[in-house]
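Chains as they are written, first to last, in my numbering: chain E, 1 to 320; chain U, 321 to 638.
Don't be surprised by glycine CBs; every beta carbon is placed ideally from N, CA and C.
Below: one structure, written as structure tokens.
What follows is the structure in structure tokens.
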């Protein structure tokens with residue numbers, strides 16, 4: 001990759017991260033105002049999600065979880081239809097039946113989103129088996145957290161994916177928090193990546209708050225999965241800046257650790273790097289931020305103006 | 321008509337459906353070991369052994385079903401379904417609805433249950449009602465070799481997740497299976513014996529006890545109608561209600577625990593839709609609120625037997 005395309009890429013990545021942040025902040029504000037139900041935000045983890053998705057091909061598939069905004073928006077999901085879903089509107093991607101926690105967008109390859117911690121790990125092996133047996137070229141990326149890695153299904157999934165040689169890019173967004181419990185209370189190892197090798201799975205750990213580092217690591221990891229047809233585990237070392245589920249006062253959070261991570265905010269890091277290197281003039285950065293805010297304002301207006309589902313929708317889409 | 325054991329009937333259904341549709345595959349605990357003739361015909365990619373890990377087997381099936389394959393999985397014993405509840409109930413049963421209809425889950429889960437092997441409560445638990453109570457799932461439990469084949473073929477072709485319970489006491493009892501393409505539609509109860517005085521509704525092994533009791537009742541001058549549900553969801557409530565309109569009396573019989581069992585739903589539907597026809601209270605015969613014992617007499621006593629069914633029907637008619 002030459003430096004020019006990298007510069008263009010990073011500005012595009014910054015724009016996506018800004019979009020994710022603005023989207024989540026709109027949900028938080030709506031939640032405080034009592035207009036939007038609470039949700040699990042990805043604030044602080046934007047680089048981990050955007051960097052990986054930017055490395056995927058159009059025919060690759062994605063399985064994600066309740067902290068999915070970065071994956072969905074980076075994949076090209078319409079913020080208006082996402083916010084409509086979060087607000088329970090008929091125009092949402094899932095007709096308002098999902099809410100924020102398990103939004104799938106099949107047309108973009110975001111499949112079978114599950115909020116059961118580890119649910120995506122149980123399903124990804126089957127999706128990858130279909131890819132392999134039906135001769136499709138796309139690999140399958142599975143986003144999960146350090147909390148899910150402590151579920152038994154993580155180990156069952158890695159074992160089967162390795163034994164059956166399935167083309168899965170496992171991406172652990174290690175955000176240090178498992179709902180209201182810090183990772184250090186539940187794991188003896190620092191890194192989830194350490195748990196891949198015993199299953200015969202190659203792995204890497206990357207600074208999840210550096211969007212370019214994540215993108216480059218994901219490009220390499222995805223390429224290995226494509227080439228070998230075998231699983232790979234990439235761990236993004238990042239931090240959940242907000243609470244588990246809005247609203248959350250985060251009284252349980254160590255303020256020193258919190259402050260240290262906020263000083264490495266992924267958006268601020270990328271923005272500063274682009275400005276310092278002269279690739280993004282300050283006034284263009286400001287214009288970028290304004291465009292993103294306008295986009296989310298329009299999305300919110302669309303969602304608010306959208307109709308609620310008809311009562312009969314309560315029992316449709318149950319059986320095929 | 322040729323006779324097959326249900327074990328062979330299941331094998332025949334799998335082979336026919338795998339020939340019929342190249343997306344059908346079967347995997348699970350010892351599947352390739354037990355059914356090596358399927359491996360010989362269809363190869364190791366479509367007939368797979370798995371780790372003894374029910375959660376990932378069921379999750380893999382759900383993921384594959386949503387993306388173009390039609391898996392049949394064998395989880396061995398019904399109590400082992402507890403390890404697969406998340407994948408079956410939260411994923412296969414709900415993600416179609418949650419996603420607003422973006423996915424379907426054409427998959428079949430096989431599990432053995434019931435007394436007959438003397439292995440105790442962690443292998444023997446008739447927990448089929450749990451799945452009847454879970455949205456998005458269909459639940460079958462056949463009693464005859466022909467239905468094992470015909471219902472399994474329908475289940476494989478169905479676009480929904482189907483739980484297929486195998487009463488292990490029946491697994492090696494030969495029975496008639498129609499030749500050729502034998503399909504039994506889901507959701508259709510089977511009236512095995514016509515009668516006018518009392519309706520006996522059952523499924524699984526207790527269907528045979530009901531038939532034996534009906535023969536004894538005939539000797540006592542009582543005409544019993546015997547209905548084999550076969551499909552617990554969809555439930556053929558119309559067939560039961562029509563029968564009770566005719567007979568005015570109902571005995572529901574199953575090996576599963578009486579408390580909140582399928583029989584409770586049947587009794588409720590009859591009370592709602594055929595109350596005026598009832599000439600006597602409804603009787604439910606079922607297992608106790610207790611785990612199944614390994615010891616043979618205790619294991620066998622769990623399921624209602626012929627004398628109990630006979631006595632119940634007789635008490636309603638006098």
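- For residue 539/U, the enclosing alpha helix (DSSP H) stretches over residues 526-539.
- Within the same chain, Cβ atoms closer than 7 Å to the Cβ of residue 369/U are found at 350, 351, 352 and 353, the five residues on either side in sequence being excluded.
- Of all residues in the stretch 159-178 of chain E, those with a C-beta nearer than 7 Å to a C-beta of chain U are 159 and 160, reading in chain order.
- Bridge partners of residue 447/U according to DSSP: none are assigned.
- Counting only unbroken stretches of 3 or more residues, the beta strand (DSSP E) elements lying wholly within the stretch 569-605 of chain U are 570-577, in sequence order.
- If you look at residue 519/U, you'll find it isn't in any alpha helix (DSSP H); it sits in the beta strand (DSSP E) that goes 518-522.
- Short of 6 Å from the beta carbon of residue 333/U, and not among the five residues preceding or following it, lie these beta carbons of its own chain, in chain order: 469, 472 and 473.
- Under the 7 Å criterion on CB atoms, residue 393/U is classed as non-interfacial with respect to chain E.
- Around residue 359/U, the same chain offers 352 and 367 as residues with beta carbons nearer than 7 Å, after the five sequence neighbours per side are excluded.
- Listed along chain E is no residue with a C-beta nearer than 9 Å to that of residue 551/U; the closest approach is about 13 Å.
- Using a 10 angstroms sphere on the CB of residue 99/E, the tally of other CB atoms reaches 16 or more, which defines it as buried.
- Going by DSSP, residue 142/E is part of the beta strand (DSSP E) stretching over 140-145.
- In the three-state reduction of the DSSP assignment, residue 630/U falls in the helix class.
- When the Cα atoms are used, residue 82/E and residue 70/E turn out to be separated by approximately 12 Å.
- Residue 375/U sits away from residue 328/U, with the two beta carbons spaced by 7 Å or more.
- When DSSP states are grouped into helix, strand and coil, residue 411/U belongs to the helix group.
- Interface annotation for the stretch 399-416 of chain U against chain E: 406, 407, 410, 411, 415 and 416, criterion Cβ-Cβ distance under 7 Å.
- By DSSP's assignment, residue 102/E forms no beta bridge with any residue.
- Sequence-distant Cβ neighbours of residue 44/E in its own chain, meaning closer than 6 Å and more than five residues away, are 239, 240 and 241.
- Taking a 10 Å sphere around the C-beta of residue 321/U, we find fewer than 16 other C-beta atoms and assign the residue as exposed.
- In the DSSP assignment, residue 375/U falls within the alpha helix (DSSP H) that extends over 374-385.
- For residue 106/E, the closest Cβ of chain U is nearer than 7 Å.
- Residue pairing from DSSP places residue 392/U in a beta bridge opposite 346/U and 428/U.
- Non-local C-beta neighbours of residue 519/U in its own chain, meaning closer than 6 Å and more than five positions away in sequence, comprise 545, 563, 564, 567 and 570, ordered along the chain.
- For residue 306/E, there are no neighbours in chain U by C-beta distance under 9 Å, as the nearest C-beta there is about 14 Å away.
- DSSP, reduced to helix, strand and coil, places residue 308/E outside both helices and strands of the structure shown, so it counts as coil.
- For residue 480/U, the three-state secondary structure derived from DSSP is coil.
- If you draw a straight line from the Cα of residue 124/E to the Cα of residue 423/U, it comes to about 14 Å.
- Across the set 78/E, 115/E and 134/E, the C-alpha of 78/E shows the shortest separation from the C-alpha of residue 107/E.
- Following the DSSP letters along the chain, one finds residue 122/E inside the alpha helix (DSSP H) bounded by residues 119-133.
- Going by DSSP, residue 174/E is part of the beta strand (DSSP E) stretching over 168-174.
- Note on residue 580/U: under 16 other CB atoms within 10 angstroms of its CB, so exposed under the neighbour-count rule.
- Between residue 552/U and residue 527/U, the C-beta gap is not smaller than 7 Å, which leaves the two residues out of contact.
- When C-alpha distances from residue 212/E are compared across 103/E, 49/E and 295/E, the shortest belongs to 49/E.
- The beta carbon of residue 114/E sits closer than 7 Å to the beta carbons of 65, 102, 120 and 123 from its chain, once the five residues preceding and following it are set aside; these are given in chain order.
- Following the DSSP letters along the chain, one finds residue 560/U inside the alpha helix (DSSP H) bounded by residues 557-567.
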